[in-house]
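Below is one structure, written out as structure tokens; comments come after it.
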Amino acid sequence: MNIRFLFFLFFISVIAHAQLTISGKVLDEQNQPLPFVNIILKNSTIGTVTDDNGAFTLTINEKRGRIEISYVGYISQVIRINSKKKYLTIILKEEANQLGEVVIVTRPKKRLKKKENPAYRILKEIWKRKKSNGLKLVDYYQYKKHQTVEVGLNNLDSVFLKKIFKKDFDKAVSEIKYDNDGINYYIPVFLKETIYNVYGNNKTKEIRTDIEAEKSKGVPTQGFIFDRMTNTFRDYNFYDNNILILNKTFVSPISTAGFETYDYVLHDSTIVKNRKHYHIYFFPRRNGDFAFEGNFWVSEKSFSITKMKMKVHKDINLNFVRSFTFEKEFVIKNDSIYLPKSNLYEGDFTLLDKNEKNKGLTIRKTNTFTNYILDEPQSADFYKQEIVKYTPKQFLKPEKYWKKNSKAENTLTYQIIENVKNKKKIKNLTGIINTLASGFINISSSVQLGPFWTFFARNEVEGLIVKAGARSFKTIHDRFRFNGYLAYGFKDKKAKFAIESKYLLTYKPRISAGLAYVYDNEQLGSKLLNTNQLIGNTFGTGALVTRGDNFFLSKINKLAANVDFQVKQNFNIGINMTHNSIVSAAPDLFSIDYLNENNTISSSVKDVSTDIYLSLTPGRFIYGLGVEQRYGRILFSTFILNYRRGYKGFLNGTTNYDKIQFLYNQPIFLGKSGLLDATIEGGKTFGTVPLTLLNPIPANQTLSLVRNTFALINYYDFVTDTYAATHLEHHFNGFILNRIPLLKKLKLRSLVTFRVAYGTISDANIAINRSSIQYNAPSNRLYYEYSVGLENIGFGNIRFLRIDAIWRSNYTQVNTTIPQTPKFAIRIGIRPGL
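Numbering (our numbering), first residue to last: 942 to 1775.
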């Protein structure tokens, strides 16, 4: 009897062990539950259906298998199941009722002339209505936008997960999501939700966007890398001819010049909700171009885009990008107006190369649009007002709010993030990402060392320099920041240092104050304009490899203060106060002597001055609400105006003088031809001043490329009190080399540059000069340099190198003690980028 009973128990345990029970929920693309969905185990008769809430439970006598999920009017799915994943959230996509045979559409083998292509007639109608569709058809509108941005690690295998979760592995894999391949796993590490209320007045072209609520959770990155990544995708308007993504200009598939970039295939007509639509596929003519591959649906009645799905080609000339996917869907309102319903932007990024087996980083941004109200105007003043975010917790809402407004799948995502954010392996991985992006290494929860790329330097005066820097840092929202460095030169055997502190006095209006003390050597012949940067740029003293002699250094002992006031976003005014004692760092080799008012020679300068500056940067993307704000990678224009007044006698100041300077930079996007980066700057010094207070044309004696400097002159070759300079760089972004068969596989990008300078020096300033520099200004003949170059040089995704071949114009070098500069040189730049 006992034996029978034990045998019975053994038999039952075997059956129970072999059984698998899974549960979950089936939703549509708007996250609404779908009832009565069929869920069948493949190659069997075992199945179930969802209840009124879209929920289901299924038990099978297998350890693993595949289930098919099907529902009338929706695209069926087949999903792998096993004991490691017992809860599923399944999203079914609505299918169109196709007329005719369903086929796979591929690139046409024969390219039709534009007017022979059946899609041309439809695209012409779209072009006619590009400026009069959607929200542009009404005078006033308002709607609610729910934006979700998610960052996660993808392509993770079970070995990696076991190292993370260890004894909690089984529980973890039952909660986390499968990757897109249905085999490996995906772990979210950052999620941010924002709900906006948007109001528009098309008559005055005013748009007001108010944040209603926001919520975020993620691993403690101690930096800004995820904040920058979450803003990778903006809301793009595909009706524009060109779309700017990652500072690269993509040609829109519905551009008026689209036939120069794309091949179009009119697939068929489609009936969607009793309305006829045309279905058009598009393919880039050259796979390496900045273009898309995908399809869109067009309403026959209004020729409005109703749905668009597209991606970039896998061979596109973009680094770190394994894939980009874009989806847009529209909803009809008032039987004639198609309004945005949802947007999905998703990117898959990898570090070393684009191999499908490598782990990667997924960035997913979704927007859903609801609660449309049309042609109900607000008051005229209402659209001019704006609610500006100025504190980190300004729009936080209680959990009760988010239970009502958050999407169902986001609740589970928050739970997963909470479970993994403190895992050591996850923290180490995200910490490495942040260190590579910022240059700083965390040594505690509030202190970072860095930047690590300035650790070593060299020049003729100091020899080899070791430099260690540090800063206080908790989050990008810190109101207080302290940073500094300590350096030591092994040749002059002297220590140098700098310390700086900043504090955000008020959030609204945004006012900050800073104080710094610097005791170091600087290359004053390498820069023209500086506004609120209290600790100066050290590239002229800090390169390991240089050409010629670099003993033209000044030893500075500077105390400086700054107050900065934000008039409005991207518009700042400020004042600097400086007391700076300047002597030569190598008097035997470089003299800064001048004749003072007593007709005696002085070897030092005390510059006591104030600067009033204005900075205008329209279009610049700012994130972070602390004293040091971060800026996105989106290019923007810059205008800076600076007025300086020097005081004689006050705090032992050497001389009275006035100086006015300006800089204007404008990136100009030229479609698929690339980007022209143009900078114009100029200035004038009023009064008689010594060498250290004049304006040398900025030289660069390092072997690397430095922005807005001249590579083939020496420091102080040109000394001016009135100057103007122009710097032009045109980046073709592969437009030329992608068309050369033998070179396009190398993914190189070509560029050209042109730089020119003009300046004068007054007789009065020449008369007091007793320095070792003989003044020479490019007044009778412009000095210019031009170059051709290649960028995006490297292997896989690691393509940081740029090489320029540079030529210069002829000029007379009056300082015979300085070696003659070369007429031609090769220079190397290192700039990580996409």
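Built from N, CA and C at the ideal position, the CB exists for glycine as well.
Only a predicted model underlies this, so the values are computations on that prediction, with no experimental measurement involved.
The Cβ neighbour count for ASN1503, taken over all protein chains shown within 10 Å, is at least 16; the residue is labelled buried. Its Cα nearest to that of GLY1141, the residue LYS1325 stands out among THR1626, GLN1602, LEU1456 and LYS1325.
Under the criterion of beta carbons closer than 8 Å, VAL1361 and VAL1524 do not qualify as touching, at roughly 56 Å. The C-alpha of LEU1259 is placed about 32 Å away from the C-alpha of GLN1018. C-alpha of ASN1002 to C-alpha of ASP969: approximately 29 Å in a straight line. For TYR1716, no pairing in a beta bridge is given by DSSP.
In terms of CA proximity to ASP1276, LYS1242 leads the group LYS1242, LEU1285, PHE1577 and HIS1668. HIS1218 is bridged by DSSP to THR1211 and SER1240. Counting only runs of 3 or more residues that sit fully inside the region 1593 to 1631, the beta strand (DSSP E) segments are 1598 to 1610 and 1616 to 1627, in chain order.
Excluding residues up to 5 positions away in sequence, ILE1514 and LEU1582 lie with their Cβ nearer than 6 Å to the Cβ of LEU1555 in the same chain.
Taking a 10 Å sphere around the C-beta of THR1047, we find fewer than 16 other C-beta atoms and assign the residue as exposed. Non-local beta-carbon contacts of LEU1446 in its own chain, meaning distances under 7 Å to residues more than five positions away in sequence, involve ILE1452, SER1453 and ALA1454 in chain order. Between LYS1104 and LYS1468, the C-beta gap is not smaller than 8 Å, which leaves the two residues out of contact. THR1352 carries a helical assignment under DSSP once its states are collapsed to helix, strand and coil.
Closest by C-alpha distance to PHE1381, out of PHE1101, ILE1128, GLY1006 and PHE1414, is PHE1414. Boundaries for ALA1198: no beta strand (DSSP E) harbours it, and the DSSP string shows neither H nor E there.
For GLU1340, the uninterrupted alpha helix (DSSP H) segment begins and ends at 1340 to 1346.
In this structure, the straight-line span from the alpha carbon of ASN1717 to that of ASN1517 is close to 30 Å.
Per DSSP, VAL1100 lies in no beta strand (DSSP E) segment; the continuous alpha helix (DSSP H) that holds it begins and ends at 1099 to 1106. Taking every protein chain shown into account, the CB of LEU1592 has fewer than 16 other CB atoms within 10 angstroms, so this residue is exposed.
The alpha-carbon of LEU1285 is positioned some 36 Å away from that of TYR1605.
Going by DSSP, GLY1372 is part of the alpha helix (DSSP H) stretching over 1365 to 1379. Membership of ARG1412 in the beta strand (DSSP E) is indicated by the continuous run 1404 to 1413.
Within the region 1469 to 1545, the beta strand (DSSP E) runs of at least 3 residues that lie entirely inside it are, in chain order, 1495 to 1509 and 1512 to 1525. In the DSSP annotation of this structure, PRO1129 is not part of any alpha helix (DSSP H); the continuous beta strand (DSSP E) holding it starts and ends at 1126 to 1142.
GLU1340 counts as exposed, since fewer than 16 other C-beta atoms from the protein chains shown sit within 10 angstroms of its C-beta. The region 1302 to 1310 and the region 1083 to 1098 touch, with three or more beta-carbon pairs separated by less than 8 Å.
Here the C-alpha atom of GLY1466 lies approximately 16 Å from the C-alpha atom of THR1762. With fewer than 16 other Cβ atoms from the protein chains shown falling within 10 Å of its own Cβ, ASN1215 counts as exposed. Here the alpha carbons of SER1283 and LYS1344 stand approximately 21 Å from one another. Relative to GLU1268, the option among ALA1428, ILE1476, ASP1176 and TYR1012 whose CA is nearest is ASP1176.
For ASN1706, the uninterrupted alpha helix (DSSP H) segment begins and ends at 1704 to 1708.
A distance below 7 Å between beta-carbons, with the five flanking residues on each side excluded, links ALA1640 to the following residues of its chain, in chain order: GLY1466, SER1467, THR1650, PHE1651, ILE1654, ASN1655, TYR1656 and ASP1658. Residue environment analysis places GLU1622 among the buried positions, since at least 16 neighbouring C-beta atoms fall within 10 angstroms of its C-beta.
Separation of GLY995 and ARG1648 (C-alpha to C-alpha, rounded to the nearest whole angstrom) is 58 Å. In this model, PHE1110 and SER1024 are separated by some 12 Å (Cα to Cα).
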